[in-house]
Each structure stands twice: as structure tokens, then as C-alpha cells.
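S.K.: Numbered per my numbering, the sequence shown spans residues 3 to 197. Here a beta-carbon is modelled for each residue, glycine too, at the ideal position from N, C-alpha and C. No experiment lies behind these values; they were computed from the predicted model shown. This is the structure I want to talk about, given as C-alpha cells.
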Amino acid sequence: MSTLVIDITDLPRQVGSTKDVHLDLPAPQGLGTEVIGAAPGSPLIVDATLTSVDDGVLVRGEADVHIHGECVRCLRDIDEERQVSFDELYFLPEAAAAQRAKGDEEAEDVFLLGDTTLDLEPALRDALVLSLPFRPLCREDCGGLCPDCGERLDDLPADHHHEVLDPRWSALSGLLGDGASDDASDGAPNGEEQS
Ligand SMILES: [Zn+2]
Ligand SMILES: [Zn+2]
């Protein structure tokens, strides 16, 4: 269950009414992408103002998030503090239904208010995911890993290299050498026994 659910029974439906929210809680699972996001259980601070409008509740807020991820090139940990702001309209279910009835396709994926609650998590997640890199890097020009030994190239001398031939190449050249003199394998259909 989400921990970012706000009780809005004390927010009057009258347009322009506001409620201020301050949350200080451990970050829930799933705030981010598969490779980077809010570290679950890390401190998450959210300050938001909820304002009643015609169709629902407007949410404007900011969150301080501790981001954890992994560099896609060298797998080094990435940890940083990030501030994310979000600005979303949560629709009353009847307002969203009215829009769908008018054929507004975007009404399919709007944020909805609960009967007495507003869940900040989807708005925060969307804003956070948009602000995060698709392919996180520990630094812009991370050298990644040596394909032969798996060490970080950034930690190795610039002239680092390996003399050994890739074993797959040795195996392949062996196969080619043997197969060249074998007439049966040259384009003739074989392997019929499995019928
Ligand atoms: Zn890296
Ligand atoms: Zn190497």
C-alpha cells in the first residue's frame, strides 16, 4: 500500500480552497525506473499544496529524493540527492468520466482522486522518471569496462590492452580449418533423421 496517500476530507470542494502537505517518510518501492530511482527506504521529503479546482484538485509540490542507481557502462554505484517538482491535476472520477464521454482520449490516463484521498505517488513517480537519465552514467565520458578482463577502464592505465586472442576466435579458426576438407558439410542437406 502506498504511503503517499493524502487524506483530503478536510480540503473543501469550494474552488480555491487549499491544503498544505508536508511528508517525511521512507521512500516506497518503485519510485523510478529499473536502473535508477529513489532508493527504497531512503528519506523522502515532500512539500505540496493541494488546491480545489472545478474538475478536481491541483497538486503543486516538490520532493527531496535520494537517488540510487548503477552506471550502465561500468556498474559503479550512482548516489545523489535530487529535487523534483511536480504539478498535476487530479480529476474527480465523475469529471474524468464526463471527459471520456466527450471522446477525450487523454482522459484515459489522468490521475484520479479517491473518495476521500489523493495518492501523490503516481505524480511523483512520473516527475521523477522524467527527470532521471534513461541510461545513467557515473560521468559523461565513463570509459566502461575492458571487454577482456572486466576491469573499469577508468581505473586502468591508458595503454591497457591484452595480447591473448579471444578464445572464441581460436575455436572458430579451428572449426574452419577442419571443415574446409570435409565435402559432406558443403551445402548438402543433412540432418534428416529428425523427421
Ligand atoms: Zn561508469
Ligand atoms: Zn583488460
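#1: So if I measure from each beta-carbon to every heavy atom of ligand 2 and keep distances below 5 Å, which residues remain?
#2: Can you list the residues near ligand 1, meaning Cβ strictly closer than 6 Å to any non-hydrogen atom, in the order they appear in the chain?
#3: Expressed to the nearest angstrom, what Euclidean distance is found between the alpha-carbon atoms of residue 27 and residue 164?
#4: Take every Cβ of the stretch 109-118, pair it with every Cβ of the stretch 138-157, and state whether three or more of those distances are shorter than 8 Å.
#5: Note down the Cα distance separating residue 103 from residue 93, rounded to an integer number of angstroms.
#6: Enumerate, from N- to C-terminal direction, the unbroken alpha helix (DSSP H) stretches of 4 or more residues contained entirely within the stretch 9-35.
#7: Given a cut-off of 8 Å on the beta-carbon distance, is the pair residue 22 and residue 51 in contact?
#8: Here's a check: name, in chain order, each residue in its chain whose Cβ is nearer than 6 Å to the Cβ of residue 5, leaving out the five neighbours to either side.
#9: Could you tell me the distance, in whole angstroms, from the CA atom of residue 64 to the CA atom of residue 151?
M.R.: The structure says:
#1: The chain-ordered list of residues whose CB is nearer than 5 Å to some heavy atom of ligand 2 reads 148, 150, 151.
#2: Those residues are 73, 75, 76, 78, 139, 140, 144, given in chain order.
#3: The straight-line gap separating the alpha-carbon atoms of residue 27 and residue 164 is approximately 50 Å.
#4: At 8 Å Cβ cutoff, the stretches do not touch.
#5: Approximately 14 Å, taken between the alpha carbons.
#6: Counting whole runs of 4 or more residues, the stretch 9-35 contains no alpha helix (DSSP H) stretch at all.
#7: Less than 8 Å separates the beta-carbon of residue 22 from that of residue 51.
#8: Within the same chain, residue 5 has close Cβ partners 27, 30.
#9: The alpha-carbon atoms of residue 64 and residue 151 are separated by roughly 44 Å.
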